[in-house]
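Novice: Please find one structure pasted underneath; my questions will follow.
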Amino acid sequence: MAEATPSKLKSEHWKRLDSVQDAESLRQESINAKHEHLIAEIETSDGPLATTLRAVYDDDELGKFVTLLESRIKSHDREIERMCNYHYQGFIDSVRELLQVSTDAAHLRGEIDATNMGLQVSCEDLLKKGDHLIRCRRVQKNIASAIEQLTLCLPVLEMYGKLQEQMKTRRFYPALKTLEQLEHTYLPRVSTHWFSETMAEAIPQLRNRIKEASMVDLKDFLENIRKHSAKIGEVAMRHAAEQNNMDPSIVKKKGRKRKAPAPPNPFTGEIETTDDGTSNVANVTDDEDDVEEELSAQDLIDFSPVYRCLHIYTVLSDREHFESYYRKQRRKQALLSLQPSPNMHESIDSYRKYFHDIIGFFVVEDHILSTTQGLVNRAYMDESWETSVSKIVAVLRTNSAQCNEGSMMLEIKKLIVLFCHTLKGYGFSVGHLLELLLELRDQYSDTLTRQWVGVFNGIFADDNYTPIYIECEAEYISVITQFPFTDEELQQSPYPKRFPFSEFVPNVYNQVKEYVNACLKFSADLHLSHTEIDDMIRKSTNLLLTRTLSACLSSLIKKPNLSLLQLIQISINMNYLEKSCSHLEDYISNITGAEKDSVHVARLHGTSMFKDARSEAEDYIYKKLNNKIDEFLELAAYSWGMSEPSTHPSGYLMDLIAFLQSIFMSFTNLPAMVTTVPEKVAKTACMSACKHIANSLMNFLLDNNIQQLTHYALQQFSLDVLQCEQFAASEPVPGFNDGTLQLAFVDLRQLLDLFIKDEWSTYLAEYGNPKAKYIRVKPHVAISIMEKLSNTEKKKNKVFASLKKNERDKKKLQEVVLKQLKGLVNGQTQSSNHS
Amino acid sequence: MAKTYDYLFKLLLIGDSGVGKTCVLFRFSEDAFNATFISTIGIDFKIRTIDLDGKKIKLQIWDTAGQERFRTITTAYYRGAMGIMLVYDITNEKSFDNIRNWIRNIEEHASRDVEKMILGNKCDMNEKRQVSKEKGEQLAIEHGIKFMETSAKASINVEESFFTLARDIKAKMDRRMDATSPPKGGGQKLPTNQSQSKKSWWKCTIL
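Chains A and B, in that order, are what the protein sequence lines are.
To convert, take the position in the first sequence, counting from 1, and add 641; that gives this note's numbering.
To convert, take the position in the second sequence, counting from 1, and add 6; that gives this note's numbering.
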């Protein structure tokens, strides 16, 4: 149709040209052109034709338009007819060809089906293989990822396993490290796994377990250390003893003697072992012993639990708790160590154990101090030492107070000194203990002194109080080496001979020396100066001499059973002991090394003490003799009322005189007298005896219980006094004849003579005259006797009523004399009152 | 000065040095014992009052030195003695043999009718015995003297021996008093004097 349109347009364009010559024709032509345009519009338009049709109807040329339109339709029909004619053959051909193609297509289809079938068959295997392959690949991939996960998890599990193992073998510190690693490095890597959660939950529990376990270990350690601290202390003390050149055996309970190890072979340096099998064994055990001996404190105890525990707590950042726990426990242990066994004072071994324990404690603490950082510090150590020291001092003070044996005190002192040395070596200040030692020194002297009381008393009890008898030179030398005594005469006199003193002199001298030595022992290792030691020893020795020995001597002298001879020997012994004092001084100076002539040296007071003792002994000689005399006098039985004269002196007095004679003869006159009584003592004894007799006899006369007295009795008494006078005049002690002895009886003699001779006129006339015959007769004494005499006569007169004249005169005289005498007494008292 | 006793007996201990005379006396007077040997110098005495048949008897016992050199001093005491104890040591034969010499001494120096007694001392030391008890008895019978073995240390027979001697002296004295024979002999002089004076003293108090 499109092709048809341009041609129609051309034809219309053409018609218009025709109509131009005439208006009608022109108008015809425009109408034609207009129709043609409408038709073209109808032809081309697709949509509603309403407007076009309106346009058609608006024109009055419908007829014309229809004719035009019909013409136009006819032209198109023709064109269609022609076109159909033209393409008919082609259409046939095409149908024919199409039929051809249809058959071909069917054929092709069959072929394709066959091919497809063949293909299907041949690919079946391949497909199967392919599927298998795919499965394998998938497995492979899974495996790879499993491996990957496992490599991730395995170290964790290994760690965990290690941890368990470490826990089991109680290696807590590594366990803790493992735990740390596990927690921070490994577990996050496997956080997707369920077990990591379990593990993570288990970790704090494990930590606690480690803590607890390490604490248990620590407790074991603490227990262990408590068990061993004595041993540690012992070793430390022995080392200290060796370092300070002290006797290490102080430390040991028993000085175990060990064979010296065989010297090493100089060529091989090896210690040769003996061929003998048994001794070899012995050597081995010996060596083992040595090894044990040489162990240092640290070797004895495994300190690792502390370190471990400390590390563990440090790691667990709970160190403070641990520190305080440790210190608290150790403090408790210290308290236990410081608590002495209840009967420590009884044996030195308990002291030893006590010191070992304490040293053990501090050695361990020191070791802890130096090997750990800050578990214990200096301040803590010093503090615990301070508290300990005061306790130790108190304990030692109370315990040593109960000690009453010098040797034990000495042992204790040695231990304390060593204790001080040991702890000083560990840097503790031992000032308090040194002070205590000084205190103990006084106690020691006291103890020694007490001990020496027994020693002295033993000497006194065992002595025979006879001069030492020697038969040969050896004996002589043995005595003079023991006691400083030189006597030319004695040395030259032939054997057997006697020293003037008894055994107790050298014995006492030696014991004083022993005491000095014992005192000196205490000052050893105290680092005191010679002067200090000298001073101390002199002080103690002085105490020993002036208190102990003096008291012992005094009580010895006062013993009631002592015989005169013993007392005499004691007084002689005192002389020699007195002389030995200077030798004692020399001895002290020699052993202390202090300068002998130093101004500061305290002198010994022995000399004066022995002098005092001697005079006390002498006093007792006199007293003893007087006691003997008293025993005789107790036997006296005067019958004061005797009515007949007697021609014999009283028996008791004869016995007494005989006894005194033999006593003084024994003292002085015997040629081979064992004890040479000093002349002065003999004389004084004799004088004192005479005076005592005189006094006693006078007391007999003046006894107020005697109411009566006869002249015959006075004569009897005079006879007795005469015996005494004769004894006094008989020179009982040689050389004692200056008349002084007789003087003892003068009072009695004058009194008796006055009464017997009745020389009252003389007496009264000469009274007060310094040269009077009866100067020693005191009026009141005369009165007393006169009254007794007159009493007797009165009684007699009552019985025998008759009074003879001369008796009456006599009585009168008596009364006159009595009056005069009373006058004298009164005058005396008056004059004394006046003056 | 009132008299505190009824009789005064003077006894004497003699025997060799070291037989234990002093110890026997010490045991009797103090009831004690001292082991150390201290030889007696010259002479010593102890007094002990005993009770015999209701009478207070003072025993003045003289202890002599056994050593020869004191012989002159000690023999002077024989005469006044009313009883003599001859002491020997059973562990020392010599001291026993010497008893005969001591008896001779008594015969020579003591009063004729002195009471005597032999004591074999140290009988506690039986293991060291040298003199049998029988020998002692025999010697005593020979001389018509009483005999006892004693021990001052173990306090055996000490008391008994002194009491025996004292009783014998008292019996003798009582016999004499009963016979009212006048006192004779130096040895008896003193005690009879004493008893006489005692009597007169009694009289005085009655008056």
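The beta carbon of each residue, even a glycine, is placed where N, CA and C say it ideally should be.
Since we're looking at a predicted model, the values are computed, not measured.
Exposed or buried, A:K803, counting other C-beta atoms within 10 Å across all chains shown (16 or more means buried)?
Specialist: Working through the first sequence from its first residue, we reach residue 803 of chain A at position 162. Buried, because 16 or more other Cβ atoms sit within 10 Å of the Cβ of A:K803.
Novice: Within the 8 Å Cβ cut-off, does B:Q66 reach chain A?
Specialist: On the second sequence, residue 66 of chain B is found 60 positions in, with the first residue counted as 1. Yes, because at least one Cβ of chain A sits closer than 8 Å to the Cβ of B:Q66.
Novice: When the Cα atoms are used, what is the spatial distance from A:F813 to A:D959?
Specialist: Taking the first sequence and counting its residues from 1, the one referred to as residue 813 of chain A is at position 172. Taking the first sequence and counting its residues from 1, the one referred to as residue 959 of chain A is at position 318. Between A:F813 and A:D959, the C-alpha separation is close to 15 Å.
Novice: Mind checking A:Q761: buried by the 16 CB within 10 Å criterion, or exposed?
Specialist: Position 120 of the first sequence, counted from the start, is the residue given in the question as residue 761 of chain A. The residue is exposed, with fewer than 16 neighbouring Cβ atoms inside 10 Å.
Novice: Within a Cβ cutoff of 7 Å, which residues of the same chain sit near A:M1339, ignoring the five residues on either side of it in sequence?
Specialist: Translated into positions along the first sequence, residue 1339 of chain A becomes position 698. Within the same chain, A:M1339 has close Cβ partners D1388 and L1389.
Novice: Can you tell which of A:L679, A:S1402 and A:T1288 has the C-alpha that lies nearest to the C-alpha of A:F1358?
Specialist: Numbered from 1 along the first sequence, position 717 holds the residue referred to as residue 1358 of chain A. Cα-wise, what sits closest to A:F1358 is A:T1288.
Novice: Going by Cα to Cα distance, which pick from B:S167, B:R181 and B:A172 is closest to B:K62?
Specialist: Here residue 62 of chain B is taken as the residue at index 56 of the second sequence, counted from 1. Of the candidates B:S167, B:R181 and B:A172, the one whose C-alpha sits nearest the C-alpha of B:K62 is B:A172.
Novice: Rounded to whole angstroms, what is the Cα-Cα separation between A:A1102 and A:T1189?
Specialist: Indexing the first sequence from 1 puts residue 1102 of chain A at position 461. Indexing the first sequence from 1 puts residue 1189 of chain A at position 548. Roughly 16 Å separates the two Cα atoms.
Novice: Counting only Cβ pairs nearer than 9 Å, list the residues of chain B close to A:Q1207.
Specialist: Here residue 1207 of chain A refers to the residue found at position 566 of the first sequence. The contacting residues are I44.
Novice: Reducing DSSP to helix, strand and coil, say where A:W835 ends up.
Specialist: Indexing the first sequence from 1 puts residue 835 of chain A at position 194. Helix, per DSSP.
Novice: Let me check you understand the geometry: is the CB of A:K1220 closer than 7 Å to at least one non-hydrogen atom of the ligand ZN?
Specialist: Ligands in the displayed structure: none, and consequently the ligand ZN is not present.
Novice: Output yes if chain A places a C-beta closer than 8 Å to the C-beta of B:L171; else output no.
Specialist: The sequence position of residue 171 of chain B within the second sequence is 165, counting from 1. For B:L171, the answer is no, since every Cβ of chain A falls outside 8 Å of its Cβ.
Novice: Using the C-alpha atoms, what's the distance from A:A1423 back to B:F15?
Specialist: The residue you call residue 15 of chain B lines up with position 9 of the second sequence. The residue you call residue 1423 of chain A lines up with position 782 of the first sequence. Answer to the nearest angstrom: the Cα atoms are 36 Å apart.
Novice: By the 8 Å beta-carbon criterion, what residues does the stretch 1101-1115 of chain A contribute toward chain D?
Specialist: In the structure shown, chain D does not exist; the protein chains are A and B.
Novice: So with CB distances below 7 Å, who are the chain A contacts of B:L14?
Specialist: As a first step, residue 14 of chain B must be located in the second sequence, where it is residue number 8. L1276, listed in chain order.
Novice: Can you confirm whether A:D1128, when its beta carbon is compared against all beta carbons of chain B, has any partner nearer than 8 Å?
Specialist: Reading the first sequence from its first residue, position 487 is the one you call residue 1128 of chain A. Not one chain B Cβ lies under 8 Å of A:D1128.
Novice: Let me check one thing: in DSSP terms, what residues is B:I49 bridge-paired to?
Specialist: Stepping through the second sequence from its first residue, residue 49 of chain B is reached at position 43. Per DSSP, B:T70.
Novice: To the nearest angstrom, how far is the alpha carbon of B:G192 from that of B:E121?
Specialist: Numbered from its first residue, the second sequence carries residue 192 of chain B at position 186. Numbered from its first residue, the second sequence carries residue 121 of chain B at position 115. For B:G192, the predicted model reports a pLDDT of 37, less than 50, meaning its position is unreliable and no value from the coordinates is stated.
Novice: Which residue from A:N1098, A:S1086, A:Y1228 and A:V1120 puts its Cα closest to that of A:C1160?
Specialist: Position 519 of the first sequence holds residue 1160 of chain A. Of A:N1098, A:S1086, A:Y1228 and A:V1120, the residue nearest in Cα terms is A:S1086.
Novice: Any Cβ of chain A within less than 8 Å of the Cβ of B:S23?
Specialist: The residue you call residue 23 of chain B lines up with position 17 of the second sequence. No - not a single Cβ of chain A is within 8 Å of the one on B:S23.
Novice: At which residues does the alpha helix (DSSP H) containing A:S945 begin and terminate?
Specialist: Here residue 945 of chain A is taken as the residue at index 304 of the first sequence, counted from 1. Residues S945 to V956.
Novice: Could you tell me which of A:L1074, A:V1030 and A:M856 sits nearest to A:Y966, measuring between CA atoms?
Specialist: Counted from its first residue, the first sequence places residue 966 of chain A at position 325. Minimum Cα distance to A:Y966 is reached at A:M856.
Novice: Apply the 10 Å Cβ neighbour rule to A:M1427 and answer buried if 16 or more other Cβ atoms are within range, or exposed otherwise.
Specialist: Translated into positions along the first sequence, residue 1427 of chain A becomes position 786. Classification for A:M1427: buried.
Novice: Can you grab the Cα-Cα spacing for the pair A:E711 / A:N726, in whole Å?
Specialist: In the first sequence, the residue the question calls residue 711 of chain A occupies position 70. In the first sequence, the residue the question calls residue 726 of chain A occupies position 85. About 23 Å.
Novice: Note down, in chain order, each residue of its chain lying with its Cβ closer than 6 Å to the Cβ of A:L1405, except the 5 sequence neighbours on either side.
Specialist: Stepping through the first sequence from its first residue, residue 1405 of chain A is reached at position 764. These residues qualify, in order along the chain: Q1461.
Novice: For A:S1181, which residues from the same chain have a beta carbon less than 7 Å from its beta carbon, with the 5 sequence-adjacent residues on both sides left out?
Specialist: Your numbering for residue 1181 of chain A matches position 540 in the first sequence. S1086 and C1160.
Novice: In the DSSP assignment, what residue or residues form a beta bridge with B:N127?
Specialist: Locating residue 127 of chain B in the second sequence gives position 121, counting from the first residue. DSSP, once it has assigned bridges, lists B:D95 as partnering B:N127.
Novice: Quick one: Cα of A:E738 to Cα of A:G731, how far?
Specialist: Walking along the first sequence from the start, residue 738 of chain A turns up at place 97. Walking along the first sequence from the start, residue 731 of chain A turns up at place 90. Distance between the alpha carbons of A:E738 and A:G731: 10 Å.
Novice: Going by the beta-carbon positions, is the gap between A:S1143 and A:D1104 smaller than 8 Å?
Specialist: If you number the first sequence from 1, residue 1143 of chain A lands on position 502. If you number the first sequence from 1, residue 1104 of chain A lands on position 463. Result yes, Cβ atoms of A:S1143 and A:D1104 sit closer than 8 Å.
Novice: Assuming contact is defined by CB atoms lying nearer than 8 Å, are B:V30 and B:L19 in contact in what I supplied?
Specialist: Counting from one through the second sequence, the residue named residue 30 of chain B turns up at place 24. Counting from one through the second sequence, the residue named residue 19 of chain B turns up at place 13. A contact, by the Cβ cut-off of 8 Å.
Novice: So, helix, strand or coil for A:F1142, using DSSP?
Specialist: In the first sequence, counting from the first residue as 1, residue 1142 of chain A sits at position 501. In this structure, A:F1142 counts as strand in the three-state DSSP scheme.
Novice: Do three or more CB pairs link the stretch 56-72 of chain B to the stretch 155-173 of chain B at distances below 8 Å?
Specialist: They touch, by the three-pair rule.
Novice: Checking 8 Å against the spacing of the C-beta atoms, do B:K176 and B:Y13 come in under that value?
Specialist: As a working mapping, residue 176 of chain B is identified with position 170 in the second sequence. As a working mapping, residue 13 of chain B is identified with position 7 in the second sequence. Cβ atoms of B:K176 and B:Y13: closer than 8 Å.
Novice: Ends of the beta strand (DSSP E) at B:I20?
Specialist: As a position in the second sequence, residue 20 of chain B is number 14, starting the count at 1. Counting along the chain, the beta strand (DSSP E) containing B:I20 begins and ends at Y13 to G21.
Novice: At a Cβ threshold of 8 Å, is A:I1213 touching chain B?
Specialist: Numbered from its first residue, the first sequence carries residue 1213 of chain A at position 572. For A:I1213, the answer is no, since every Cβ of chain B falls outside 8 Å of its Cβ.
Novice: For A:E1130, name the three-state secondary structure that DSSP assigns.
Specialist: Taking the first residue of the first sequence as position 1, residue 1130 of chain A is located at position 489. Here A:E1130 sits in helix by DSSP.
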